[in-house]
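To start, the structure itself, in structure tokens.
There are 2 protein chains.
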Amino acid sequence: MLIVQKYGGSSLASIEMIKNVANRVIKTRKQGNKVVVVVSAMGDTTDELIEKAYKITSSPNKRELDMLISTGEQISSALLSMAIHHEGYKAISLTGSQVGIITDTMHTKARIKGIDTKRIEKELSLDNIVIVCGFQGITVDEDITTLGRGGSDTTAIALASVLDAETCEIYTDVDGVYTGDPRIVKKAKKLDVISYDEMLEMASLGSVVLNLRAVEFAKKYGVVIHLRSSFNDKEGTIICEEVNIMEAPVVSEIASDENCTKITIVGVKDKPGIAGTIFSHLADKGINVDMIVQGASLDEKTNNISFTVTRDDMNESVNVLKGLLPKLSATEVIHDDNVAKVSMVGVGMRSHPGVAAKMFSLLGERNINIHMISTSEIKISCIVEKGKAVEAVRILHSGFGLE
Amino acid sequence: MLIVQKYGGSSLASIEMIKNVANRVIKTRKQGNKVVVVVSAMGDTTDELIEKAYKITSSPNKRELDMLISTGEQISSALLSMAIHHEGYKAISLTGSQVGIITDTMHTKARIKGIDTKRIEKELSLDNIVIVCGFQGITVDEDITTLGRGGSDTTAIALASVLDAETCEIYTDVDGVYTGDPRIVKKAKKLDVISYDEMLEMASLGSVVLNLRAVEFAKKYGVVIHLRSSFNDKEGTIICEEVNIMEAPVVSEIASDENCTKITIVGVKDKPGIAGTIFSHLADKGINVDMIVQGASLDEKTNNISFTVTRDDMNESVNVLKGLLPKLSATEVIHDDNVAKVSMVGVGMRSHPGVAAKMFSLLGERNINIHMISTSEIKISCIVEKGKAVEAVRILHSGFGLE
Numbered sequence: 002m003l004i005v006q007k008y009g010g011s012s013l014a015s016i017e018m019i020k021n022v023a024n025r026v027i028k029t030r031k032q033g034n035k036v037v038v039v040v041s042a043m044g045d046t047t048d049e050l051i052e053k054a055y056k057i058t059s060s061p062n063k064r065e066l067d068m069l070i071s072t073g074e075q076i077s078s079a080l081l082s083m084a085i086h087h088e089g090y091k092a093i094s095l096t097g098s099q100v101g102i103i104t105d106t107m108h109t110k111a112r113i114k115g116i117d118t119k120r121i122e123k124e125l126s127l128d129n130i131v132i133v134c135g136f137q138g139i140t141v142d143e144d145i146t147t148l149g150r151g152g153s154d155t156t157a158i159a160l161a162s163v164l165d166a167e168t169c170e171i172y173t174d175v176d177g178v179y180t181g182d183p184r185i186v187k188k189a190k191k192l193d194v195i196s197y198d199e200m201l202e203m204a205s206l207g208s209v210v211l212n213l214r215a216v217e218f219a220k221k222y223g224v225v226i227h228l229r230s231s232f233n234d235k236e237g238t239i240i241c242e243e244v245n246i247m248e249a250p251v252v253s254e255i256a257s258d259e260n261c262t263k264i265t266i267v268g269v270k271d272k273p274g275i276a277g278t279i280f281s282h283l284a285d286k287g288i289n290v291d292m293i294v295q296g297a298s299l300d301e302k303t304n305n306i307s308f309t310v311t312r313d314d315m316n317e318s319v320n321v322l323k324g325l326l327p328k329l330s331a332t333e334v335i336h337d338d339n340v341a342k343v344s345m346v347g348v349g350m351r352s353h354p355g356v357a358a359k360m361f362s363l364l365g366e367r368n369i370n371i372h373m374i375s376t377s378e379i380k381i382s383c384i385v386e387k388g389k390a391v392e393a394v395r396i397l398h399s400g401f402g403l404e
Numbered sequence: 002m003l004i005v006q007k008y009g010g011s012s013l014a015s016i017e018m019i020k021n022v023a024n025r026v027i028k029t030r031k032q033g034n035k036v037v038v039v040v041s042a043m044g045d046t047t048d049e050l051i052e053k054a055y056k057i058t059s060s061p062n063k064r065e066l067d068m069l070i071s072t073g074e075q076i077s078s079a080l081l082s083m084a085i086h087h088e089g090y091k092a093i094s095l096t097g098s099q100v101g102i103i104t105d106t107m108h109t110k111a112r113i114k115g116i117d118t119k120r121i122e123k124e125l126s127l128d129n130i131v132i133v134c135g136f137q138g139i140t141v142d143e144d145i146t147t148l149g150r151g152g153s154d155t156t157a158i159a160l161a162s163v164l165d166a167e168t169c170e171i172y173t174d175v176d177g178v179y180t181g182d183p184r185i186v187k188k189a190k191k192l193d194v195i196s197y198d199e200m201l202e203m204a205s206l207g208s209v210v211l212n213l214r215a216v217e218f219a220k221k222y223g224v225v226i227h228l229r230s231s232f233n234d235k236e237g238t239i240i241c242e243e244v245n246i247m248e249a250p251v252v253s254e255i256a257s258d259e260n261c262t263k264i265t266i267v268g269v270k271d272k273p274g275i276a277g278t279i280f281s282h283l284a285d286k287g288i289n290v291d292m293i294v295q296g297a298s299l300d301e302k303t304n305n306i307s308f309t310v311t312r313d314d315m316n317e318s319v320n321v322l323k324g325l326l327p328k329l330s331a332t333e334v335i336h337d338d339n340v341a342k343v344s345m346v347g348v349g350m351r352s353h354p355g356v357a358a359k360m361f362s363l364l365g366e367r368n369i370n371i372h373m374i375s376t377s378e379i380k381i382s383c384i385v386e387k388g389k390a391v392e393a394v395r396i397l398h399s400g401f402g403l404e
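Protein chains in written order, with this note's numbering: chain A, 2 to 404; chain B, 2 to 404.
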């Protein structure tokens, strides 16, 4: 069997931890499996490199930033390979370039366009454990790119797909997916299994263990993920198709995300094409917009449009929109970063009406004001005042009987 | 004019120093030149990475070691590029792989086989300052290699050659080539110009500012080197063909090198092919042998062969030779690391007989015992007890009137 394993930075934060990971990889190899390992950078390496860049300039060139931060995975992959050699097993580390992970040219947020499997297959046939630098790729012009947050998860799932791996084990510092953040909700429970769709909605909340794009990838290509801890041997949470899950609860998970800011464009002319203009300009800058709310037009002439972005993208978003104000005939752009998003996810919502109403009531009873609401088939998100987010999660976790 | 500039690790040891280098590069650009910059890793980065490897294993795989340490130059090149962008100039960093610096497969000591100039020329034509990661290349199979000590100098000179650069400026933390090490010989003087041949002999002494292979390259391809300090604007030392130097002194430089160990193979059968066997086995391991001395056979049957290698290579050399003992019918291998090499270099020696005799007399007068002697047309080296090396240099420096 071919198994893809991915180890995050917290599992590779020290020399000792790298040696532990080597032993875990070798254990899988000894069981007769071929193993492809995807690694993140050690501990806080990426942040430290980014910090260096910002000491030089407040707006580092993105191509150069990718050149810089891609070294983190190169270091951890080489060290892990050495640790495996030290135990008497064959291993080889490969950069994104050496594997042939081709991406588009959107530096710091690139998307994988294709993966060449020749080099990996050759190394596997030579009995090597193959260690791939996660998070990175290369453009057709050979410029180094990185895949953005959670990029190593995407690398692992994409490799599991193209190599037709049995499973993709994603090792992290938590035991699996919980019904709520155990730091906030003491009675949170670990889920044995969760569907791609629920995980996707959870991933879009930002604070969870698996990245949105990585889960999208897994769903699209049917890659079964086993999310588990690198610090113990417990089974984690399996992420797979909903059809394989016996009975889904109404609500699987409650979460909050403080990495969001609300931006409102005031007094937008109410005519066709305006929203398209706004969001295509943001997309051109690679800014991911999360919730979008457009209120009903009051005077039938102008309107307000609100949306949320991550804190990293706030300043750039505001700048883009200020430049667009004349074109939109809008009056001003306001932003608010004293907010947080509280969300509930569960495939059972489809067949249980009234979930949203109950959520709003529970929050209302505690005087938690709701600034924005956005719903999907299996998720409800509310923007609330940042200071109220923890309380909101606790109320909902107990109110929906997840304990 | 096209100028190649190389900055060593000591010129790039901090964010502030990288900014200074950026300004120096921009100054050259502003004078109307095209500039290709070759960088080493920041400060002690390479040593720190090697230290990490040795924390994992006492004998790190060399391919993986190259994968690891090549990240150092990638970091400094990206940061320097950002610093140049910050000042409003265009720049792009390129790895050895991106440039197309093709080497053989001798990891950690690879040799350049060819350089593709297409990418650099394209970037220069786009008005970019091109920043190349020194010290690294790539094999035809796309494995990352490094060029060994002084590798960034070699990269710079090789690029200056293939790009037909006007000059290759090598920036370091000293003002140029001195008649002796100023830390040992207080009255040492800076040389304005020195020939490739003298520099080659100096480089082979190990302790000097320019690497042997880099100078060989420069001589072979006629690249004029300007060796100078990145900390001031003083002219440094020009390294060029001897014919361009007006009057050469008898002795240009005296130096000592403590990074050497003496190895002796005792009781080698005195028959043809033995020396070839010994040194080809060492060469196969990529071990550079420096001085070789074979004494006259005393009993016409057996012989002792002594040679010197760097400290790094001592253990491996001794192991190789121990394995060869039966084949050589030799009795034992002994090694001595309590030695240092003291050398004098000067093209004037060719036309001035008696230089060697005077050197031995000066040392003898001070009771400094000579363990090994090796001479070339323009160099005389003696192995002496390590504790006597500094004294020997001082005696010779004043004895040959270099002050």
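By construction, the Cβ of each residue, glycine as well, lies at the ideal position given by its N, Cα and C atoms.
Taking a 10 Å sphere around the C-beta of R312(A), we find fewer than 16 other C-beta atoms and assign the residue as exposed. In this structure, D182(B) is the residue among N260(B), V26(B) and D182(B) with its C-alpha nearest to the C-alpha of M345(B). Beta-bridge partners assigned by DSSP to L3(A): K35(A).
Distance from the CA of E202(B) to the CA of I266(B), rounded to the nearest whole angstrom, comes to 26 Å. In the three-state reduction of the DSSP assignment, H336(A) falls in the strand class. A direct Cα-to-Cα measurement between T109(B) and M83(B) gives close to 28 Å.
By the Cβ test, the stretch 53-69 of chain A is not in contact with the stretch 27-45 of chain A, since fewer than three Cβ pairs between them sit closer than 8 Å.
Residues of chain A whose Cβ lies closer than 7 Å to the Cβ of L69(B) are, in chain order, I76, A79 and L80. For the alpha helix (DSSP H) assignment, the uninterrupted runs of no fewer than 4 residues enclosed by the stretch 89-164 of chain A are, from N- to C-terminal side, 97-100, 119-126 and 152-163. Only residues of its own chain outside the window of five on either side were considered, and among them H108 and D144 have a CB closer than 7 Å to the CB of R64(A), listed in chain order.
Not a single CB atom of chain A sits nearer than 8 Å to the CB of I51(B).
Secondary structure of A341(B) (DSSP, three-state): strand. Beta bridge pairing from DSSP links H227(B) with E170(B) and I239(B).
Between I113(A) and T180(A), the gap from beta carbon to beta carbon reaches 8 Å or more.
Taking 7 Å as the Cβ-Cβ cut-off, the stretch 92-116 of chain A approaches chain B at S94, S98 and Q99, given in chain order.
For T309(A), there is no enclosing alpha helix (DSSP H); the enclosing beta strand (DSSP E) covers residues T303 to V310.
Counting only residues of its own chain and dropping the five nearest sequence neighbours on each side, G400(A) has a CB closer than 6 Å to the CB of L363. Residues of chain B whose Cβ lies closer than 8 Å to the Cβ of K56(A) are, in chain order, I16. The CB of H87(A) comes closer than 7 Å to the CB of I57 and T58 in chain B, given here in chain order. Of all alpha-carbon atoms in M68(B), D105(B) and G149(B), the one lying nearest the alpha-carbon of I76(A) is that of M68(B).
Contact between the stretch 149-158 of chain B and the stretch 121-132 of chain B is absent: fewer than three C-beta pairs spanning the two stretches fall below 8 Å. Of the residues A79(B), K91(B), H86(B) and D48(B), the one whose Cα lies closest to the Cα of I70(B) is D48(B). Contacts between N370(A) and chain B, judged by CB atoms closer than 8 Å, are missing: the closest CB pair is about 43 Å apart. When DSSP reads this structure, M373(B) sits in a beta bridge with I384(B). About 10 Å separates the CB atoms of D271(A) and N305(A); that is not less than 8 Å, and the two are not in contact. The bridge partners DSSP lists for T72(A) come to none. When the beta-carbon positions are compared, I4(A) and L81(A) stay at least 8 Å from each other. The bridge partners DSSP lists for V40(A) are Y8(A) and C134(A). With contacts defined as CB atoms closer than 8 Å, C241(A) and A341(A) fail to qualify as a contacting pair. In summary, T309(A) is buried, with 16 or more beta-carbon neighbours lying within 10 Å of its beta-carbon over all protein chains present. Ranked by Cα distance from M292(A), the first of D258(A), G274(A) and G324(A) is D258(A). Separation of the CB atoms of I130(A) and V26(A) is rounded to 6 Å, and the pair is thereby assigned contact status at 8 Å. When secondary structure is reduced to three states using DSSP, I379(A) falls in the coil class, being assigned neither helix nor strand.
Relative to the Cα of G388(B), the nearest Cα in the group I381(B), I374(B) and N368(B) belongs to N368(B). Under the DSSP assignment, T262(B) falls in the beta strand (DSSP E) whose first and last residues are T262 to K270. At a cut-off of 8 Å between beta-carbon atoms, P354(B) makes no contact with chain A.
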